[in-house]
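Okay, structure first, notes after.
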Amino acid sequence: MAENEEILRQLSQEYSEGFTTDIEQEFFPKGLNEDIVRAISLRKGEPAWLLEFRLDALRKWQGMKMPSWGHLDIPEIDFQDIIYFAAPKKPVRKEDVDPELIKTFDKLGIPLHERDALTGVAVDAVFDSVSVKTTFQKTLAEKGIIFCSFSEAVQNYPELVRKYLAKVVPPGDNFFAALNSAVFSDGSFCYIPKGVRCPMELSSYFRINALGIGQFERTLIVADEGSYVSYLEGCTAPMRDTNQLHAAIVEIIVEKDAEVKYSTVQNWYPGDKDGRGGIFNFVTKRGLCRGERSRLFWTQVETGSAITWKYPSTILRGDGSHSEFYSVALTNNFQQADTGTKMIHIGKDTTSRIVSKGISAGRSQNSYRGLVQVAPGASGVRNHSQCDSLLIGDGCGAHTFPVIKCANAGAILEHEATTSKISEDQLFYLEQRGISAEDAVSLIVGGYASDVLKRLPMEFAIEARRLLSVNLEGSVG
Amino acid sequence: MNRLRVDKGLAYSDVILLREGADAVWDISVAAGASLQLTFIALASGAETLSCEISVAFEGEGGQCLLRGLYITRDSADVSFRVNMVHNLPRCTSRQLFKGILAGSSHTLFDGLIKVPAHCIGTEAYQENHNLLLTDDCRAQSLPQLEIYADDVRCSHGATFGRLDADELFYMRSRGIPEPEARRLQMVAFASEVLEGVPEGIVTQTLGVLEKLL
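Going down the list, the sequences are from chains A and B.
The numbering used here numbers the first residue of the first sequence as 1 and each following residue consecutively.
The numbering used here numbers the first residue of the second sequence as 478 and each following residue consecutively.
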């Protein structure tokens, strides 16, 4: 009996991260102009070159139009009706984080205290516009690893930041990259020195709390020669009837013989079952395999956001460099996702692999969009892409838009895609063994996505499986 | 524009050799239970530009459509194929098979779309594009696209880019087949899937062009 109640309770919870934290916050006035950009920069005590960088990006943004090529129906966004900076008032020093905030992150399962070393994950927690806490900094510093909030990096390691900032995603790259470059408020910075293998998983956790704000954070990861790091990113937001904007930039630079794994579990509030509210997730993520034999692995599980517009890409410049992209994108109700990757092969003997699994249910639209490009001088390139779509119900859409450009006779490129639905036979088989239709669907989807899920670090894989089944609720029958 | 309509229950097949300057826009409709097989062959050299646009729609359930294409390009030729396959009715079947052999500094584009609107269940649609690149100066581009709004469908596409297989070449040479002949055989094998059932005159002409690529 009690068990049944537990199941019912589990089923009725739509989005368990949808609470808000009541905390005193400071807001900048709505709108975007030079004054706001100057105010953000001043507030962060930034050097002049960074302010100039922001203003330059703002000017570029003002001359740009919102991209409309995605297979997305984006309502008009009033960029002057957004708050570009919001920060909790209380904490002055990082050491004493507001207990309310600790509670919030505890509720989300993100430990801000270091006593629980078992989790083996160092976290940089970003709350609205600021980083509130970075854990295990000391332990990491012993190895020479720099892991801190972006603002701290600007203060403490300005030369490093200046050397690498916007080298992969220039400010004028696209509309949202320009917007982010102008108003980015915080984010994470990570530098792994030569030959160091990072002993723990590094992680950024992004939380939107305040109403009417946009979150614009920047992550910059630099893996120097022969180093290794595994990086995780997670995100959630409260349930609201209005849409909120999240436009982030992630830049990764991988030097000779280094390896970076970047995993994302994206669980922004997806809106309710009638398509009201939810986060607009317009993100630019790009890595540069700069050195020879460098390796970059993207793994993403996208279950949240009302609209996702995201293409984690790799520029394979170093000879013999390698990149992989594994993605599961699940859309339900009225969610829309246009996501995929770009693999740009410039170096010789570069290889890449793309595995994308799309799942659409309800009345959602899910698109894979990708580019595989081989430059004229890039001989010996090898790529394999596989993009599968799974449709659940007849009200949704699944689309595949790959572009393959080859300018070298030495390249071998393969692309394949299939579209299918959950077969009656599979469902029948599981149901006649006493498994409910809903559980059967999440079991089948879990199996379908397992190629990608098994690439995730364990804690993330469990979380991802849970998200997949929660987000599929109500999609059968 | 070339309009082509295959009436109910009929089967029609044709081979079209594309020529520069000739109309290459095709508007095709396939009636209930009808079946259509069209093969397009583009042999381009010099500065020739050939571009072919094919739109297919169905007028009744159970229609079948097979589109095949072979493009062999050299010098600075430019060949493009655009296919718009709309499965606007349930239970229709389509297949697209386009193959290209590129030499010189030629450019090619295959831009194909399979669209399945809502409720067009029982659709089977397949699309393939394979490219063989012989020189470093040629450029091939492929955009195989699926836009699907119905769940009970079977759709897939595939695209590949590659060169003549070195192992195959070695195998034949080790058995006394001279290299040019071995390369020719590889190209003929690659093209044969499209050339099957094509009138002898056009096959001879196509094989003659392959000779020139050696």
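In this text, a Cβ means the ideal position worked out from N, Cα and C, and glycines have one as well.
With its beta carbon less than 9 angstroms from one in chain A, threonine 637(B) belongs to the interface. Residue environment: glutamate 670(B) is assigned as exposed (fewer than 16 neighbouring CB atoms within 10 Å of its CB, all protein chains considered). Contact note: glutamate 624(B) reaches chain A through His399, using a C-beta cutoff of 7 angstroms and chain order.
The C-alpha of alanine 668(B) lies about 19 angstroms from the C-alpha of arginine 616(B).
Counting along the chain, the unbroken alpha helix (DSSP H) around glutamine 426(A) starts and ends at 424-431. The C-beta distance from serine 360(A) to leucine 391(A) rounds to 6 angstroms, short enough to meet the 8 angstroms contact threshold. For asparagine 565(B), there are no neighbours in chain A by C-beta distance under 7 angstroms, as the nearest C-beta there is about 15 angstroms away. Around the beta carbon of arginine 496(B), fewer than 16 other beta carbons lie within 10 angstroms, which makes this residue exposed. Between the alpha carbons of leucine 413(A) and isoleucine 315(A) lies a gap of roughly 16 angstroms. Taking a contact as a CB-CB distance under 8 angstroms, the pair leucine 494(B) and leucine 515(B) does not count as one, their CB atoms being some 12 angstroms apart. With 16 or more other Cβ atoms inside 10 Å of its own Cβ, histidine 246(A) counts as buried. Restricting attention to Val680(B), Gly635(B), Phe575(B), the CA atom closest to the CA of isoleucine 531(B) is found in Phe575(B).
Assigned with DSSP and collapsed to three states, glycine 639(B) falls in strand. For a Cβ distance threshold of 9 angstroms, residue set Asp628 of chain B lies close to isoleucine 392(A), ordered along the chain. The Cβ atoms of glutamine 266(A) and threonine 308(A) sit closer than 9 angstroms to each other.
With a cutoff of 9 angstroms on beta-carbon distance, glutamate 251(A) and alanine 166(A) are scored as near each other. Contact residues of the segment 415-433 of chain A toward chain B are His415, Glu416, Ala417, Thr418, Thr419, Ser420, Lys421 (C-beta to C-beta distance below 8 angstroms). Close CB contacts of leucine 620(B) within its chain, under the 6 angstroms cut and outside five residues either way in sequence, are with Asp588 (chain order). Taking each of Glu624(B), Phe558(B), Ser522(B) in turn and checking the Cα distance to serine 583(B), the smallest one comes out for Ser522(B). Any Cβ of chain B closer than 9 angstroms to the Cβ of asparagine 471(A) would place that residue at the interface, and such an atom is absent. The alpha-carbon separation between phenylalanine 535(B) and cysteine 529(B) amounts to approximately 20 angstroms. Not one beta carbon of chain A lies nearer than 9 angstroms to the beta carbon of glutamine 514(B). The segment 265-335 of chain A contains no complete alpha helix (DSSP H) run of 4 or more residues. In the DSSP assignment, histidine 246(A) is bridged to Gln215(A), Asn281(A). Less than 9 angstroms divides the Cβ of serine 385(A) from the Cβ of serine 356(A). When the beta-carbon positions are compared, cysteine 632(B) and valine 593(B) come within less than 9 angstroms of each other. When Cβ-Cβ separations below 9 angstroms define contact, asparagine 408(A) makes contact with chain B. The segment 15-22 of chain A makes no contact with the segment 30-43 of chain A, as fewer than three CB pairs between them are under 8 angstroms.
Scanning Arg640(B), Gln622(B), Val502(B), Lys485(B) for the CA closest to the CA of leucine 513(B) turns up Lys485(B). Tyrosine 191(A) counts as buried, since no fewer than 16 other beta carbons sit within 10 angstroms of its beta carbon.
Straight across, the Cα-Cα distance linking glycine 674(B) with cysteine 387(A) is about 33 angstroms. The Cβ atoms of isoleucine 404(A) and glutamine 622(B) do not sit closer than 9 angstroms to each other.
Distance from the CA atom of glutamate 100(A) to the CA atom of alanine 237(A), rounded to whole angstroms, is 16 angstroms.
Residue environment: arginine 652(B) is assigned as exposed (fewer than 16 neighbouring CB atoms within 10 Å of its CB, all protein chains considered). Relative to the Cα of valine 229(A), the nearest Cα in the group Val260(A), Ser41(A), Met239(A) belongs to Val260(A). If you draw a straight line from the Cα of valine 381(A) to the Cα of tryptophan 49(A), it is about 39 angstroms long.
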